[in-house]
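What follows is a single structure, written as structure tokens, with notes after it.
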Amino acid sequence: MKILFAMTLLLSLQSFGTQSKSNFSGFYDPKDVVNLPLKDVSNTVFKLVILKGAGMFGTAYSIHENILLTNVHNINRCLLDYGMADTGYDGSKGPLLCKSLSLIDGKGNELTTVELLGSNSRHNKDDKDFAVIKVNGLKAIPISLSPNGPQIGSSVFAIGFPSTTFRSPQKLNDKMIVLINLINIVFDIENKIKSLNQNSTSQDLFTTWMTDGFQKLQPLVKWNEFLSGSILGREWNPLITWQTEESLVYRKICLIISSTLKQILMALFR
Amino acid sequence: MIEKSQLKNSKQDLDADDSLKVSKARVSAISGNAVLVEGDATPGSSGSAVVDTSGNAVGIVFQIRKVGKNENDICLLDALMTDFESIRFSYCPSLGPTVVSSKIIFETLRLWGIKL
Numbered sequence: 001m002k003i004l005f006a007m008t009l010l011l012s013l014q015s016f017g018t019q020s021k022s023n024f025s026g027f028y029d030p031k032d033v034v035n036l037p038l039k040d041v042s043n044t045v046f047k048l049v050i051l052k053g054a055g056m057f058g059t060a061y062s063i064h065e066n067i068l069l070t071n072v073h074n075i076n077r078c079l080l081d082y083g084m085a086d087t088g089y090d091g092s093k094g095p096l097l098c099k100s101l102s103l104i105d106g107k108g109n110e111l112t113t114v115e116l117l118g119s120n121s122r123h124n125k126d127d128k129d130f131a132v133i134k135v136n137g138l139k140a141i142p143i144s145l146s147p148n149g150p151q152i153g154s155s156v157f158a159i160g161f162p163s164t165t166f167r168s169p170q171k172l173n174d175k176m177i178v179l180i181n182l183i184n185i186v187f188d189i190e191n192k193i194k195s196l197n198q199n200s201t202s203q204d205l206f207t208t209w210m211t212d213g214f215q216k217l218q219p220l221v222k223w224n225e226f227l228s229g230s231i232l233g234r235e236w237n238p239l240i241t242w243q244t245e246e247s248l249v250y251r252k253i254c255l256i257i258s259s260t261l262k263q264i265l266m267a268l269f270r
Numbered sequence: 001m002i003e004k005s006q007l008k009n010s011k012q013d014l015d016a017d018d019s020l021k022v023s024k025a026r027v028s029a030i031s032g033n034a035v036l037v038e039g040d041a042t043p044g045s046s047g048s049a050v051v052d053t054s055g056n057a058v059g060i061v062f063q064i065r066k067v068g069k070n071e072n073d074i075c076l077l078d079a080l081m082t083d084f085e086s087i088r089f090s091y092c093p094s095l096g097p098t099v100v101s102s103k104i105i106f107e108t109l110r111l112w113g114i115k116l
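From first to last, the protein sequence lines are chains A and B.
Note that my numbering gives residue 257 to position 257 of the first sequence, counting from 1, and the numbers run on in steps of one.
Note that my numbering gives residue 15 to position 15 of the second sequence, counting from 1, and the numbers run on in steps of one.
Have a look at this one:
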């Protein structure tokens, strides 16, 4: 039942990945955007490297010299480091160094020493998901922040770094395909073990099934990491440990796969 | 600050490293501090600048939502996103980013003692 549940979940997620790919595509080609109201966006809008090596990115933009605005979940790792994910930060202790964050400018240069100046709570219910960060020595061209906000019906431009994060639909879809392959193999092994209990199967045939199954699993599972509790290898860790909705799905799936595989192994050696 | 006279023909600056993108969008609804925008966004867009035609920032992208046919219909994605394409959301035809209004940002920065 667990396997069937997990497969259903995975198939629905695969469907999500495929569908969202088409929904998320369609960023306007820059050539279609005329009179863009910024002269040099490469010195204004920055790619925020959320956790080095994790492949997760967000966007931040300059609102005053070396002060940038971004949203809370982009800097959540920094808040977690200071135990402030639930409360946010009001700036009362001065700038806080965000060791896990760095910036890349529009020309590909990496900038470091990101400091948190202020932030709302990660889980605030008031739609105030924004944070202010400071980057020393940054020569950014700021965008003037409107004190009035936008008007309904008005045209606007969103300027940022879409489709570059680990959570991009294509990469999500790729990971889902790996997971589906993995769970199909586990499902196959489990079915064969169940049939083994009901029929008198020869030891040779059983050995062939198991060898075949584990050979298929071999490229997908890193066994030393699996035995230490991480089923999909270290490259998944940033996503699995990240506090996002997607990571909850991955963690649930990994728990199901891990539990089933362990049951199979226990059945084999009892 | 950027002058309006400077704000012309900057398309050569865009997409220089194949990642910075500009999306045309339209403000479709405002609810409290949240501004619903009809446009495109992906998770990497979080934190993107939303600027008006004068070059002023009017908000920041923080979430992706579906927008209903009625402007008051806001279809939040399920927390696990598993019912993204389910019947529950089928009446929400378009996908768009949700933006924090610069108005509340402006006010909050003053509370935090951050001067612009």
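Note that beta-carbon positions come from the ideal geometry of N, C-alpha and C, so glycine has one too.
Fair warning: this is a prediction, and the values are worked out from it, not measured in the lab.
Through-space distance from residue j to residue i, alpha-carbon basis
{"i": "residue 160 (chain A)", "j": "residue 184 (chain A)", "result": "38 Å"}
{"i": "residue 20 (chain B)", "j": "residue 162 (chain A)", "result": "7 Å"}
{"i": "residue 68 (chain A)", "j": "residue 213 (chain A)", "result": "52 Å"}
{"i": "residue 103 (chain B)", "j": "residue 85 (chain A)", "result": "24 Å"}
{"i": "residue 91 (chain A)", "j": "residue 187 (chain A)", "result": "52 Å"}
{"i": "residue 102 (chain A)", "j": "residue 154 (chain A)", "result": "33 Å"}
{"i": "residue 100 (chain B)", "j": "residue 30 (chain B)", "result": "10 Å"}
{"i": "residue 49 (chain B)", "j": "residue 44 (chain A)", "result": "9 Å"}
{"i": "residue 132 (chain A)", "j": "residue 72 (chain A)", "result": "9 Å"}
{"i": "residue 49 (chain A)", "j": "residue 113 (chain B)", "result": "26 Å"}
{"i": "residue 149 (chain A)", "j": "residue 109 (chain A)", "result": "32 Å"}
{"i": "residue 127 (chain A)", "j": "residue 107 (chain A)", "result": "32 Å"}
{"i": "residue 152 (chain A)", "j": "residue 120 (chain A)", "result": "25 Å"}
{"i": "residue 211 (chain A)", "j": "residue 192 (chain A)", "result": "12 Å"}
{"i": "residue 41 (chain A)", "j": "residue 83 (chain A)", "result": "34 Å"}
{"i": "residue 112 (chain A)", "j": "residue 56 (chain A)", "result": "16 Å"}
{"i": "residue 63 (chain B)", "j": "residue 74 (chain A)", "result": "11 Å"}
{"i": "residue 105 (chain A)", "j": "residue 189 (chain A)", "result": "49 Å"}
{"i": "residue 129 (chain A)", "j": "residue 122 (chain A)", "result": "7 Å"}
{"i": "residue 70 (chain A)", "j": "residue 28 (chain B)", "result": "22 Å"}
{"i": "residue 52 (chain A)", "j": "residue 79 (chain A)", "result": "16 Å"}
{"i": "residue 105 (chain B)", "j": "residue 32 (chain B)", "result": "12 Å"}
{"i": "residue 98 (chain B)", "j": "residue 38 (chain B)", "result": "9 Å"}
{"i": "residue 94 (chain A)", "j": "residue 46 (chain A)", "result": "23 Å"}
{"i": "residue 77 (chain A)", "j": "residue 26 (chain B)", "result": "32 Å"}
Helix, strand or coil at residue i according to DSSP, with G and I counted as helix
{"i": "residue 153 (chain A)", "result": "coil"}
{"i": "residue 87 (chain A)", "result": "coil"}
{"i": "residue 52 (chain B)", "result": "strand"}
{"i": "residue 111 (chain B)", "result": "helix"}
{"i": "residue 80 (chain A)", "result": "helix"}
{"i": "residue 92 (chain A)", "result": "coil"}
{"i": "residue 213 (chain A)", "result": "helix"}
{"i": "residue 51 (chain A)", "result": "strand"}
{"i": "residue 44 (chain B)", "result": "helix"}
{"i": "residue 97 (chain B)", "result": "strand"}
{"i": "residue 105 (chain B)", "result": "helix"}
{"i": "residue 184 (chain A)", "result": "helix"}
Reference residue i; option with closest CA among the options
{"i": "residue 156 (chain A)", "options": "B:114, B:57, B:32 and B:45", "result": "B:57"}
{"i": "residue 138 (chain A)", "options": "A:65, A:97 and A:131", "result": "A:65"}
{"i": "residue 116 (chain B)", "options": "A:81, A:122 and A:142", "result": "A:142"}
{"i": "residue 192 (chain B)", "options": "B:105, B:60 and B:54", "result": "The structure shown does not extend to residue 192 (chain B), since chain B is modelled only from 1 to 116, so the question has no answer here."}
{"i": "residue 47 (chain B)", "options": "A:98, A:51, A:89 and A:61", "result": "A:61"}
{"i": "residue 114 (chain A)", "options": "A:124, A:125 and A:97", "result": "A:97"}
{"i": "residue 81 (chain A)", "options": "A:93, A:100 and A:94", "result": "A:100"}
{"i": "residue 136 (chain A)", "options": "A:89, A:124, A:117 and A:208", "result": "A:117"}
{"i": "residue 146 (chain A)", "options": "B:54, B:98, B:97 and B:111", "result": "B:54"}
{"i": "residue 35 (chain B)", "options": "A:215, A:158, A:217 and A:93", "result": "A:158"}
{"i": "residue 111 (chain B)", "options": "A:140, A:76 and A:89", "result": "A:89"}
{"i": "residue 63 (chain A)", "options": "A:87, A:140, A:124 and A:125", "result": "A:140"}
Limits of the unbroken beta strand (DSSP E) element including residue i
{"i": "residue 20 (chain B)", "result": "Unbroken run through residue 20 (chain B): none, as it is neither H nor E."}
{"i": "residue 41 (chain A)", "result": "Segment: none, residue 41 (chain A) is in no beta strand (DSSP E) and carries neither H nor E."}
{"i": "residue 58 (chain A)", "result": "56 to 64"}
{"i": "residue 37 (chain B)", "result": "34 to 38"}
{"i": "residue 67 (chain A)", "result": "67 to 70"}
7 Å Cβ cutoff, residue i in contact with chain D
{"i": "residue 161 (chain A)", "result": "Of the protein chains in this structure, namely A and B, none is chain D."}
Q) Which runs of the beta strand (DSSP E), 3 residues or longer, sit entirely within the region 94 to 160 of chain A? A) 102 to 104, 114 to 119, 131 to 135 and 155 to 160
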